[in-house]
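Have a look at the structure below, then the notes.
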Amino acid sequence: MALRHVIRHLGMLAGVLALLQAIIITAAGAPLSDLLFGEASAQTDPSWQLDAPLAKKSCAKMEVSDPALWFDVTEDGDPDLDTVVDSYPSGVIAIVAGFQYNCVPAKTTVVAVFYSLNDSKDKPWYTSEIKLAPTDKPGTLWRGVRFKSQKPIPDGDYRVEFFVGKKLLTAGEVTVGGQEPEEPAPQEEAEQEQEEQEAEQEAEQEPEEEQRPQRRKPQRDNLVQIVGEIIDGSTQRPIPGAVFIVLQPGITAAQWADYGFPASDILTTNKADRNGRFRQSGVERNVEYSLVAWALSYTGWYMDGFVVSDNDPDPYPMYIELYR
Amino acid sequence: MRRGVWLASGLTLLLLIIFIAIVVGIDVALQPRLTGLELILVGILLALVPAGLWLALFYLQDRLEPEPKAEVVRIFIIGLALGGAFGLPLVQQVFRLPEWQYRDLSATVLGAIFIAGAVEAFIIYAAVRFFIYHSPQFNERTDGVIYGTAAGLGYATALNVQLILASGGAAIAASEVHMAGIALAHAAFGGVLGYFLGRAKLEREPVWWLPAGLLLTAVLIGLFTLLRTQVQQGRLLTGTITYLPSVTGFLLAAALALVVALVIIWLMRRDTSLALGGRRAAPTLDATIGDRAANWAVIGLFVLCLVVGGLVWDRTVHRSSAFDVDGFRGSYPAHFSLATRPDEILRVVDVLDTQAQFVISVVSDVQPTMLGSVISQLTAVRATEYESYRVLDTQERQWRGRPILEQHFAGVEPPALEPTLPRLLEGVDYIVADGNRAVVITMIADPETYDTVEPLFLRFLETLTF
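Listed in order, the protein sequences are those of chains A and B.
Under the working numbering, the residues of the first sequence are numbered 1 to 324, in order.
Under the working numbering, the residues of the second sequence are numbered 325 to 790, in order.
In structure tokens form, the structure reads like this:
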């Protein structure tokens, strides 16, 4: 009898919790489980705690870390929010700034303004608006900048300012190129050599398996921008929405097709605007690339062995004719 | 044999080459800057030049062996009208051939044969068969070639005018080279079918004769399309040099026209000598010989071609690649590329066209009743990843007997420093409860292509099992 009583009350409790959750989801877009298990969720997915919209909105004032923090980035330009840096090495493809906060009041919009101090101290280099969901939990807000083409961020000094409305929340500066990439220690070099030798041996042992070229990092000083236009060869009219692709060095268009067009083999990709024009950064001089252009209703075009030499201009002008 | 028609055709080719040289010369020397309506009108005028030349020369050459000129012009106009009113809409709007024809080589060839080729061949056939075939003016085998060529030129002119109108005008030199090539090629196709029609009218041919002519013409069109895509694949122009228009397509068409003309002349001479030698029944003026059975056979073959073309279309558009990753099985459109990131089950991207993405990811430790927490997690990640992110609507649904949340969202693509307009993205998440985890199946696409991509995504969902 007592057991049945307990079960009935537990059932009622579960029902009330479910009802509460439904109300909260409807009202605030966040489930009760977040309140109960928010920490656990945050542990399983660190990015989740950044500005997750939690239900409780008891935050009166947002306190933030000052100066702003700069976070390390991975080779692919993704932020590593666990590592704060003072400067970035040359060739880094993204810089990420942010701050830690104690909580977020309702209707908080943060504006991040990045300045390139080498170009103009007054003219913002990049701005971004971030709408934050209210929460009473501490977290980290970040905003990174990078080129789509993964072109390295130019060496120099950068500043970030975070605003809420017109009020400056926090700011900070960082240098790119302040430290050189670490040279491998002699022992590491030996290990690396050994690994390379092993890799070569494996390649010899498995000749039937084609070795795919490894990605290489472009040299920043050698980079040029391609300014192009994709046009219909029969009418010389622009083709809006045509796609222009530069493949990773060492991958030919035929290989790319054979592999099933994997996105990982693409160095950069760009879509032509309404005038058929595109700008493509991140192409290195004296490196052979394969180019691909494609548009709906047209025969695809490709070219292997495309090289921008030392004598070619930057930006490098290019027209591509496609035919039906 | 009617010398007039061959002289007219040969001279048309010669004069077209001279005309093209003059137009290219004017274009390079004067570099006229035409825009808007002027550009369109000049383009349409140039589209009429190849057909106009042939008709004018035919008129001049045929004076001694009179053929009613009005009938030739009438068949040209009928070919143009049928092409513009039925042929091109059927190929481009109904079968949407240009959208999938260049996805792979087999689609290029089969689409060109069974849709573009069959439609064009049938229109040439219809223009001749239903508008001049039974006329007493159609009294020589060469007449079939003349009227077939006129109908083919009409269809080519419809193609060229449509190109000009759809492009909002065209550069003078490049477009004239292109349009002259189109006219030559399609005149040749018309001539081939016309030869079959001429013999069907004036000799006793079996029922399969006319369908064979239609099929051969359609196959020729398909092979020509294949050859053209192989030799004219686009080109890269760099620097500030003024480039002359590519003449590869024109030369190919001219060669085709020449070969077709020579083959037809040879066939007709052979037919004449056979008839004179008594080895073939003499030509007859009985107009009833082109019998109904052959006509119905042509119509049946045309319908069959369209059915085959439809199957090719379906196979090309819905071709898929299978995947089997961590217990997730299914297939995605074959023209999508793999782009899976380390923390995902699958990500495929339509790199070459819409840039749409289908993504499967898993969120651990989520009870079925707590699916809403996944929405919060996605919002948290995307709010920072995207330049701007907004959930448009969320609704609870059942999917294959499982409770799911369907969430529609929009965002501006992740921040980048390139001086280009940021792209707006639209997407949908299917958040599916699966034991103590949630499976998130996402589609991301441009708003402009969302409707095109959505059916592919629904098909992707249909194939998915886990």
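Where a beta carbon is used, it is the ideal one built from N, C-alpha and C, also for glycine.
Original post:
Does the distance from the CB of Ile-399 (chain B) to the CB of Gly-478 (chain B) come in under 9 Å?
Top reply: It is a contact, given that the beta carbons lie within the stated cut-off.
**OP:** For Leu-417 (chain B), name the three-state secondary structure that DSSP assigns.
**Re:** Position check: residue 417 (chain B) holds Gln in this sequence, whereas Leu was assumed. Correct three-state label for Gln-417 (chain B): helix.
**OP:** Mind listing the chain B neighbours of Val-346 (chain A)? Cutoff is C-beta to C-beta under 9 Å, in chain order.
**Re:** With chain A running from 1 to 324 in the structure shown, residue 346 (chain A) is simply not present.
Original post:
Quick one: any contact between the stretch 703 to 722 of chain B and the stretch 677 to 686 of chain B, if contact means 3 or more CB pairs under 8 Å?
Top reply: No, because fewer than three Cβ pairs between the stretch 703 to 722 of chain B and the stretch 677 to 686 of chain B fall closer than 8 Å, the two stretches do not touch.
Original post:
What did DSSP end up calling Pro-134 (chain A) once you bin it into helix, strand or coil?
Top reply: Under the three-state reduction of DSSP, Pro-134 (chain A) is assigned to coil, being neither helix nor strand.
Subject >> Neighbour list for Phe-162 (chain A) in chain B, Cβ cutoff strictly below 8 Å >> reply: Those within 8 Å of Phe-162 (chain A) in chain B number zero; the least Cβ separation is about 13 Å.
Original post:
What whole-angstrom Cβ distance do Leu-508 (chain B) and Ala-621 (chain B) have, given they're in contact under 8 Å?
Top reply: About 30 Å separates the two Cβ atoms, so there is no contact after all.
**OP:** Show which residues of chain B have a CB atom less than 7 Å away from the CB atom of Asp-232 (chain A).
**Re:** Counting only Cβ-Cβ distances below 7 Å, Asp-232 (chain A) has contacts in chain B at Ser-491, in chain order.
**OP:** Report buried or exposed for Asn-484 (chain B), applying the criterion of at least 16 other Cβ atoms within 10 angstroms of its Cβ.
**Re:** For Asn-484 (chain B), the number of other beta carbons within 10 angstroms of its own is at least 16, and it is reported as buried.
Original post:
What do you reckon, are the CB atoms on Leu-538 (chain B) and Leu-625 (chain B) nearer than 9 Å?
Top reply: Yes.
Original post:
What residue from B:Gly-725, B:Val-673, B:Met-503 has the CA that sits closest to Leu-780 (chain B)'s CA?
Top reply: Out of B:Gly-725, B:Val-673, B:Met-503, B:Val-673 has the C-alpha closest to the C-alpha of Leu-780 (chain B).
Original post:
Is the shortest distance between the beta-carbon of Gln-100 (chain A) and the beta-carbons of chain B less than 9 Å?
Top reply: No, Gln-100 (chain A) does not count as interfacial toward chain B.
**OP:** Return helix, strand or coil for Gln-325 (chain A), following the three-state DSSP convention.
**Re:** Residue 325 (chain A) lies beyond the stretch modelled for chain A, which goes from 1 to 324, so this question has no answer here.
**OP:** Would you mind stating whether Val-415 (chain B) and Ile-448 (chain B) have Cβ atoms separated by less than 9 Å?
**Re:** No, the pair does not count as a contact, with Cβ atoms beyond the cut-off.
Original post:
Smallest Cα separation from Met-503 (chain B): which of B:Gln-461, B:Gly-515, B:Leu-526, B:Phe-574?
Top reply: When only C-alpha atoms are compared, the closest one is B:Phe-574.
**OP:** For the stretch 253 to 260 of chain A and the stretch 516 to 535 of chain B, state whether three or more C-beta atom pairs, one from each stretch, are separated by less than 8 Å.
**Re:** Flag = no, the stretch 253 to 260 of chain A and the stretch 516 to 535 of chain B do not touch.
**OP:** Please classify Gln-425 (chain B): does DSSP put it in a helix, a strand, or coil?
**Re:** If DSSP states are grouped into helix, strand and coil, Gln-425 (chain B) belongs with coil.
**OP:** With 7 Å as the C-beta to C-beta threshold (strictly closer), list the residues of the stretch 547 to 560 of chain B near chain A in chain order.
**Re:** Using a CB distance below 7 Å, the part of the stretch 547 to 560 of chain B facing chain A consists of Thr-553, Gln-556, Gln-557, Gly-558, Arg-559, Leu-560, ordered along the chain.
**OP:** Mind reading off the beta-carbon distance from Ile-344 (chain B) to Glu-500 (chain B)? Whole number of angstroms is fine, and I expect it under 8 Å.
**Re:** About 6 Å; that satisfies the 8 Å criterion.
**OP:** Return the first residue and the last residue of the alpha helix (DSSP H) that Val-501 (chain B) is part of.
**Re:** Per DSSP, Val-501 (chain B) belongs to the alpha helix (DSSP H) from 496 to 526.
Original post:
Which residues, in chain order, does the stretch 495 to 529 of chain B contribute to contact with chain A at a C-beta distance below 7 Å?
Top reply: Correct list: Ala-495, Ala-498, Ser-499, His-502.
**OP:** Give a yes or no on whether 9 Å exceeds the smallest Cβ distance from Leu-727 (chain B) to chain A.
**Re:** Reading off the sequence shown, one finds Pro at residue 727 (chain B), where the question assumed Leu. When Cβ-Cβ separations below 9 Å define contact, Pro-727 (chain B) makes no contact with chain A.
**OP:** With DSSP collapsed to three states, give me the class of Pro-374 (chain B).
**Re:** DSSP, read as helix, strand or coil, puts Pro-374 (chain B) in helix.
Original post:
Pairing CB atoms from the stretch 271 to 284 of chain A with CB atoms from the stretch 230 to 244 of chain A, are three or more of them under 8 Å?
Top reply: With the cut-off at 8 Å, the stretch 271 to 284 of chain A and the stretch 230 to 244 of chain A touch.
Original post:
Of all the CB atoms in chain A, is at least one closer than 9 Å to the CB of Arg-721 (chain B)?
Top reply: False, the Cβ-Cβ gap to chain A never drops below 9 Å.
**OP:** Could you give the DSSP three-state label for Asp-304 (chain A): helix, strand or coil?
**Re:** Three-state result, Asp-304 (chain A): strand.
**OP:** Determine the direct distance from the alpha carbon of Pro-79 (chain A) to that of Leu-695 (chain B), and round the result to whole angstroms.
**Re:** Spanning the alpha carbons of Leu-695 (chain B) and Pro-79 (chain A) requires a straight line of approximately 27 Å.
Subject >> Other residues of its chain near Val-246 (chain A): CB distance less than 7 Å, five sequence neighbours each side excluded >> reply: Non-local beta-carbon contacts of Val-246 (chain A) in its own chain, meaning distances under 7 Å to residues more than five positions away in sequence, involve Leu-267, Thr-268, Gln-280, Val-283, Tyr-289, Leu-291 in chain order.
**OP:** Given a cut-off of 9 Å, decide if Glu-750 (chain B) and Ala-769 (chain B) are closer than it, judged by their beta-carbon atoms.
**Re:** Cβ atoms of Ala-769 (chain B) and Glu-750 (chain B): closer than 9 Å.
**OP:** Could you tell me whether the Cβ of Glu-39 (chain A) comes closer than 9 Å to any Cβ of chain B?
**Re:** In this prediction, Glu-39 (chain A) has a pLDDT of 26, which is less than 50 and means its spatial position is unreliable; nothing more can be read from the coordinates.
Original post:
Which value, in whole angstroms, describes the spacing of the CA atoms of Ile-350 (chain B) and Leu-363 (chain B)?
Top reply: Roughly 15 Å separates the two Cα atoms.
Original post:
Where do the N-terminal and C-terminal ends of the beta strand (DSSP E) with Ala-482 (chain B) fall, by residue?
Top reply: Segment 465 to 491 is the alpha helix (DSSP H) holding Ala-482 (chain B); no beta strand (DSSP E) there.
Subject >> Strand pairing of Leu-223 (chain A), partner residues [DSSP] >> reply: Answer is A:Glu-284, bridged to Leu-223 (chain A).
**OP:** Determine, using beta carbons only, whether Ala-263 (chain A) and Ala-663 (chain B) come nearer to each other than 9 Å.
**Re:** Yes. Within cutoff.
Original post:
Do you know how far the Cα of Ile-470 (chain B) is from the Cα of Gln-461 (chain B)?
Top reply: Straight-line spacing of the CA atoms in Gln-461 (chain B) and Ile-470 (chain B) works out to 12 Å.
Original post:
By a C-beta neighbour count over all protein chains shown, 10 Å radius and 16 as the cutoff for buried, is Ser-459 (chain B) buried or exposed?
Top reply: Taking a 10 Å sphere around the C-beta of Ser-459 (chain B), we find fewer than 16 other C-beta atoms and assign the residue as exposed.
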